[in-house]
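Protein chains in written order, with this note's numbering: chain A, 272 to 613; chain B, 272 to 613.
Glycine included, each C-beta is placed from N, C-alpha and C at the ideal position.
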């Protein structure tokens, strides 16, 4: 079925998409339906705010990204930024720009993904804007979160001898993108009977199409009473992110190639594509894992934490930022992360 | 001068545009530079949030809108939403999608407008996102504001016999748009020596290109200790907005044509274009005036307030929503406001 969006109009479409939404967060005093939403934090809590703009053809390709997955991911990447401050995401606003190519059913699918993410992470949708666009799909999500003042972790607190930790594994989302791009090329060929074969690579696809934010790690750190000295999420690649932490903390670092966490599927795919898997782990984006530093005294705790790997340590600034390879050589780290302006 | 944006890259461009930004609001604990900004409200204050997505070719036409004006307006329309809750805007995030057509200097002009608006209204820029776009310019601004719990005014509080008030005058921004569109058509013709003549119509242009949010009215209401029962800002046209208030408040209304505030330039332009000026005042959008209701007991105060006009009153719901013309006839009000999805 395909219903033209114009038949509903702006208010009709918003009403339709947000029907039955319930607010779960006690801080949400008023959601959709007025000039602004109203949020009341409980005493001692501060508000975090982050925002993300996603444009068709730049950040996503609808030939292989299902709209529901896109909606889910668009919400989750914002949650990830809030967790990276050691906070809890609580509310989002969702603005959509939609060209005539899209139907009401398309928008339902997109919104279903956003709503699913909000249910999973207990986040309220409290506002937004919906409008037509001349070309393609635009998604702008702003996320609010909360955290106690003493709980917030910035990028600038890493100190000499701190351990550098990372959650999960790296490079898989990038490999998933390579896989999808390759299949797209194949399908562009003449023989439409070829079906993409993703067997044994489901993890790569999932990491690219349906990433999760590491709420579990934030909870684990709180339970174990480990407060990171610096933290951020890995959206542009490990190399680029650790350089942000080192620059803002005015320190240097050493990362050890042998400790980079890499999934078997990532390694196999890299080999197939003749790519260096460490390079993929360092520079591939969209992992949405947490990168954080902890004092040396927390070694016992973090080394036993499920899904956390110690990959290096912080040094004096004079020593610069480098990767130590398996054979002991040092290579200066460079931000080769994805540049959406090139 | 024209510098390609790619030469700076994403982080470089953001750094360049936000250079020298200072935070003025005591609630801004951390602005640009981390995964999220940190806001701490003083006790008793709640947080308001509103967002607006502006797309080239749909919401603005760069053939006659200077980028600096566009930036100013994009910020101010968000402030207007916060005032419409009887709050004070405090922070914004700014996300930009920019095609290759735009230079660093273009972005400087746009950002200069946003920064100017923020200076005028004492609002901090605390975050955002900048990315390339395949086509045109995308501006997504989210605004936070604050208000005491008891101070917030919703759309749903209008009661029978309440007076309906509006600030400033109506229809001028719409006439300004007509004027600009007409001149654009003229300039599309063969004779490029024709220069648009805007003499005597400066007010219409200003209302369209550089609207202001009615902070002064919000302050006046507070000083006079008048708390509106319902309020919103007029972005889609008076008719559409009063219907929102009536629907949400479950009441009816009578507006009086003879009381609609209309500027001389608006009336003259409407006559020239053979348009009914009351229709322009009712359905022309982008006035960013405040529409609010007050108890009958506040009549003396609001009738003496500078820049405020009483234009009608709230009725029982059974009576519906109508405009009473100069000759006493009643016409049902309809939302003919601008539909950005058609």
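- Message: In the DSSP output, which residue or residues are listed as bridge partners for residue 362(A)?
- Response: When DSSP reads this structure, residue 362(A) sits in a beta bridge with 395(A) and 415(A).
- Residues bridged to residue 410(B) [DSSP beta-bridge criterion]: According to DSSP, residue 410(B) bridges with 325(B) and 367(B).
- Query: Just the Cα atoms here: how many angstroms apart are residue 584(A) and residue 501(B)?
  - Reply: Residue 584(A) and residue 501(B) have their C-alpha atoms some 57 Å from each other.
- residue 378(B) to residue 570(B), Cα distance in whole Å? Rounded to whole angstroms, residue 378(B) to residue 570(B) spans 47 Å at the Cα level.
- Inspect the beta-carbon positions of residue 551(B) and residue 456(B) and report whether they are closer than 9 Å. Between residue 551(B) and residue 456(B), the C-beta gap is not smaller than 9 Å, which leaves the two residues out of contact.
- Item | Under 9 Å between C-beta atoms of residue 544(A) and residue 593(A) | Contact flag unset, no.
- Message: If distances are taken between C-alpha atoms only, which option among 515(A), 577(A), 504(A) and 602(A) comes closest to residue 561(A)?
- Response: Nearest C-alpha to residue 561(A): 504(A).
- Taking one C-beta from the region 342-350 of chain A and one from the region 360-371 of chain A each time, how about it: are there three or more such pairs within less than 8 Å? With a cut-off of 8 Å, the region 360-371 of chain A and the region 342-350 of chain A count as touching, because enough Cβ pairs lie within range.
- Task: Can you pull the chain A residues whose beta carbon is under 8 Å from the beta carbon of residue 405(B), in chain order?
- Result: Within chain A, the residues placing a beta-carbon under 8 Å from that of residue 405(B) are 326, 327, 328, 329, 406 and 407, ordered along the chain.
- Query: Below 9 Å between beta carbons: does that hold for residue 439(B) and residue 555(B)?
  - Reply: Not in contact: residue 439(B) and residue 555(B) (Cβ atoms no closer than 9 Å).
- Item | Buried or exposed (CB count within 10 angstroms, at least 16 for buried), residue 272(A) | Exposed, since its Cβ has fewer than 16 Cβ neighbours within 10 Å.
- Query: Taking buried to mean at least 16 other C-beta atoms within 10 Å of its own C-beta, is residue 408(A) buried or exposed?
  - Reply: Buried, by the Cβ-count rule.
- Within chain A, partners of residue 397(B) - CB distance below 8 Å: Chain A residues near residue 397(B): 320.
- Item | chain B contacts made by the region 341-354 of chain A, where a contact means CB separation under 7 Å | Within the region 341-354 of chain A, the residues whose Cβ lies closer than 7 Å to some Cβ of chain B are 352 and 353, listed in chain order.
- Query: Do residue 364(A) and residue 400(A) come within 9 Å of each other at the CB atom, strictly closer than that value?
  - Reply: If you check the CB distance, residue 400(A) and residue 364(A) come in under 9 Å.
- Which same chain residues, not among the five before or five after residue 309(B), have their C-beta less than 6 Å away from its C-beta? Cβ neighbours of residue 309(B) beyond the five flanking positions: 300 and 301.
- In three-state terms, what does DSSP make of residue 563(B)? Look at residue 563(B) here: in three-state DSSP terms it is strand.
- When we look at the beta-carbon of residue 227(A) and count the other beta-carbons within 10 Å, is it buried (16 or more) or exposed? Chain A is shown only over 272 to 613; residue 227(A) falls outside these bounds and no answer can be derived.
- Task: Taking a Cβ distance cut-off of 9 Å, strictly less, list which residues of the region 355-368 of chain B are near chain A, in chain order.
- Result: Identification of residues in the region 355-368 of chain B having a C-beta nearer than 9 Å to some C-beta of chain A yields 355, 356, 358, 362, 364, 365, 366, 367 and 368, given in sequence order.
- Message: Measuring CB atoms only, is the region 423-442 of chain B touching the region 509-526 of chain B, in the sense that at least three cross pairs come out at less than 8 Å?
- Response: Short answer: they touch.
- Message: For residue 284(B) and residue 292(B), I'd like the C-alpha separation in whole angstroms.
- Response: Distance between the alpha carbons of residue 284(B) and residue 292(B): 14 Å.
- Specify, as a first and last residue, the run of the beta strand (DSSP E) that residue 585(A) falls within. It spans 579-586 - the beta strand (DSSP E) in which residue 585(A) sits, taken as one unbroken run.
- Query: Can you list, in chain order, the residues of the region 299-321 of chain B whose Cβ is nearer than 8 Å to any Cβ on chain A?
  - Reply: Against chain A - using a Cβ distance shorter than 8 Å - the residues of the region 299-321 of chain B are 300, 301, 304, 305, 306, 307, 308, 309, 310, 311, 312, 314, 317, 318, 319, 320 and 321.
- Query: Taking DSSP as the reference, what is the three-state secondary structure of residue 611(B)?
  - Reply: Low confidence applies here, because residue 611(B) scores a pLDDT of 47, under 50, leaving its location unreliable and the question unanswered by this model.
- Can you tell me the Cα-Cα spacing of residue 597(B) and residue 549(B), whole angstroms? Taking the straight line from one Cα to the other gives about 11 Å.
- Item | Buried/exposed call for residue 468(B), threshold 16 Cβ in 10 Å | Under this definition residue 468(B) is an exposed residue.
- Task: Check the Cβ of residue 411(B) against every Cβ in chain A and list those closer than 7 Å, keeping chain order.
- Result: Those are 324, 366 and 411, listed as they occur along chain A.
- Near residue 368(A), what residues of its chain come up, given a Cβ to Cβ distance below 6 Å and the 5 sequence neighbours on each side ignored? Hits under 6 Å: 402, 404 and 409.
- Task: With a cut-off of 8 Å on the beta carbons, I'd call residue 316(A) and residue 418(A) a contact; round off their distance for me.
- Result: Indeed, because the Cβ distance is near 7 Å, the residues count as touching under 8 Å.
- Thinking C-alpha only, which one of 493(B), 389(B), 580(B) and 546(B) is nearest residue 414(B)? Comparing C-alpha distances from residue 414(B) to each of 493(B), 389(B), 580(B) and 546(B) shows the shortest one belongs to 389(B).
- Task: Run down chain B in chain order and give the residues with a C-beta less than 9 Å from the C-beta of residue 521(A).
- Result: Listed along chain B is no residue with a C-beta nearer than 9 Å to that of residue 521(A); the closest approach is about 14 Å.
- Task: Could you tell me if residue 354(B) is buried or exposed, where buried requires 16 or more neighbouring beta carbons within 10 angstroms of its beta carbon?
- Result: With 16 or more Cβ atoms within 10 Å of its Cβ, residue 354(B) is classed as buried.
- Straight-line Cα distance separating residue 508(A) from residue 609(A): Residue confidence is low: residue 609(A) scores 48 on pLDDT, short of 50, so the model does not pin down where it sits. Its coordinate-derived value is still stated next. Distance between the alpha carbons of residue 609(A) and residue 508(A) is about 8 Å.
- Query: What residues from chain B crowd round residue 503(A), counting only those whose CB sits closer than 8 Å?
  - Reply: Result: 305 and 306.
- Message: Less than 8 Å separating the Cβ of residue 519(A) from some heavy atom of the ligand MN?
- Response: Ligands are entirely absent from the displayed structure, and the ligand MN is therefore not among its contents.
- List, in order along the chain, the chain A residues whose C-beta lies closer than 8 Å to that of residue 416(B)? Simply 307.
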